[in-house]
Amino acid sequence: VLPPVAVALSACAAVLFAVRSTGVRPGPTLWAVLGGATAVTLAGIVIAAVAADRAARSVRDRIDALRRSTARREGDLRALVETLRRGDAPPAPGHSGPPAADADDFDLLAADLARAHDSAVTAVAQASQLSSQAGSEQKLEVFVNLARRLQSLVHREISILDELENEMEDPDLLKGLFHVDHLATRIRRHAENLAVLGGAVSRRQWSNPVPVTEVLRSAIAEVEQYSRVKLVPPVDGTLRGHAVADVIHLLAELVENATVFSAPHTQVLLRANLVTSGLAVEVEDRGLGMPVDEQERMNALLTDPDQVQVASLLADGRIGLFVVSQLARRHGIQVRLQTNIYGGVQAVLVVPQALLGTDPADTDGGQHT
């Protein structure tokens, strides 16, 4: 509204200055023209104000709808976990349809949140089926633990949506929506953790090789403290489409650990280089390091996850490494933790040559399905 007001005032001032400087006595015709122009300008200002108010109300209403929908899904997920705890059979999970072709950011966000919720419900339902099998208690405990983490993330989504109510300017609104979308991405990864522990394969698939740089950036985007992660160039090569989703997931877990177990003011470095045996990727932090015995225990987990008591990992929040070990074994990827020269931890993984694609110039880019 302010720009039209400024324009109107400037225009009137210019006309009056011109009249005064030329010494022309304003007649009835001139006053009529000025009056008409002023009326039109004021009408435009009123229309702009009404339109802005309607737009603000529309945005606020849609934020309210997103918050109510997220709160409802949070309650559904909590009820599902309680049902699973009691040993009752959970209801059949539903499936949300895709967004419309003309969907805007709000519609896409709502669809993403719905898909994340569906993934979590499906994974927990799979866990309940495993609970009836012998020796599945540990897996069930992991499923429940990760489901609670999903609930925590949903709580944060609601808080961000509440803050968006008071941020009606477009830049702030877009920034807020980005944070909510980022949380939805993390929810999807935690839901995929459930599926991985249940032996399922990610539904995210690429038909063509994907540049390694894109894979690394996608992994960074799934981490809460993504702004602390620095991708060190150059990064060459491509990754075959069938392995892209799992490698992104695997790297995101390692980068997440690096950010969690290092000081907030430090950077986490992510670098990749082609080596004789394949592609070497390093995740390096400037944290306090890891005791030798703990490092040996984690490396044993990464080498052979079947030899490690999963329940013992719940206490220190290292379930992510168990997921890493499962994904790494699925694709023949070697992962090892070691102490770096700074006293922090360096996670090194080697992607075998069989998973590397052709040169990016020979492909049309990965198609996500």
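Per this note's numbering, the sequence shown starts with residue 20, numbered consecutively. Positions of the beta carbon are idealized from the N, C-alpha and C atoms, including for glycine. Quick caveat, the model's predicted, so the values are computed rather than measured.
Distances from the CA of ASP137 to each of ILE82, MET317 and ALA203 were compared; the closest alpha carbon is that of ALA203. Between GLY256 and LEU298, the beta carbon gap of about 6 Å places them in contact (Cβ cut-off 8 Å). Counting C-beta atoms within 10 angstroms of its own C-beta, HIS209 has 16 or more neighbours from the protein chains shown and is therefore classed as buried.
Linking SER281 to GLY376 through their CA atoms gives a straight-line distance of about 34 Å. A distance of 8 Å or more separates the beta carbons of VAL302 and VAL279. Check the Cα spacing between TYR361 and each of GLN314, SER296, VAL342 and LEU307: the tightest is with LEU307. According to the DSSP secondary-structure assignment, GLY297 is paired through a beta bridge with VAL294 and PRO371. Residue state for PRO230 is assigned as strand, using DSSP reduced to three classes. With contact defined as three or more Cβ pairs closer than 8 Å, the stretch 232-243 and the stretch 307-316 are not in contact.
The residues LEU250, in chain order, have a CB closer than 8 Å to that of ARG236 in the same chain once the five nearest residues on each side in sequence are set aside. If you check the CB distance, HIS268 and LEU356 do not come in under 8 Å.
Following the DSSP letters along the chain, one finds LEU250 inside the beta strand (DSSP E) bounded by residues 248-251. Only exposed fits PHE197, as fewer than 16 other CB atoms lie within 10 angstroms of its CB.
The C-beta of SER77 has fewer than 16 other C-beta atoms within 10 Å across all chains shown, which makes the residue exposed. The DSSP-derived three-state label of THR257 is strand. DSSP places LEU356 in the uninterrupted beta strand (DSSP E) bounded by 353-358. VAL242 carries a coil assignment under DSSP once its states are collapsed to helix, strand and coil. Of ASP123, THR102 and ASP95, the smallest CA-CA separation from ARG81 is found for ASP123. Nearest Cα to THR322 within the set SER344, ARG305 and PRO310: SER344.
When the alpha-carbon of ALA240 is set against those of SER221, ILE206, HIS284 and PRO228, the nearest one is in ILE206. Counting along the chain, no alpha helix (DSSP H) covers ASP121, and no H or E run does either. Distances from the alpha-carbon of ASN276 to those of SER221, ASP304, ARG91 and GLN224 put ASP304 closest. With contacts defined by Cβ atoms closer than 8 Å, GLN353 and LEU368 form a contacting pair.
Between SER296 and PRO228, the CB-CB gap reaches or exceeds 8 Å. Annotated as proximal: ALA271 and VAL242, with beta-carbon spacing under 8 Å.
In this structure, PRO117 and ALA130 form a Cβ contact; the two beta carbons are roughly 7 Å apart against a cut-off of 8 Å. For LEU320 and GLY363, the gap between their C-alpha atoms comes out near 19 Å. For ARG348, the enclosing alpha helix (DSSP H) covers residues 338-350.
The beta carbon of ASP126 sits closer than 8 Å to those of PRO118 and ALA119, all from its chain and outside the five residues before and after it, given in chain order. Between the alpha carbons of ALA84 and LEU132 lies a gap of roughly 12 Å. Here DSSP, grouped into helix, strand and coil, assigns LEU307 to coil.
With a cutoff of 8 Å on beta-carbon distance, ARG223 and ALA264 are scored as near each other.
In this structure, VAL140 is the residue among PRO310, SER226, SER88 and VAL140 with its C-alpha nearest to the C-alpha of ALA98. Taking a contact as a CB-CB distance under 8 Å, the pair ALA238 and VAL274 counts as one, their CB atoms being some 6 Å apart. Look at ALA282 here: in three-state DSSP terms it is coil, with no helix or strand label.
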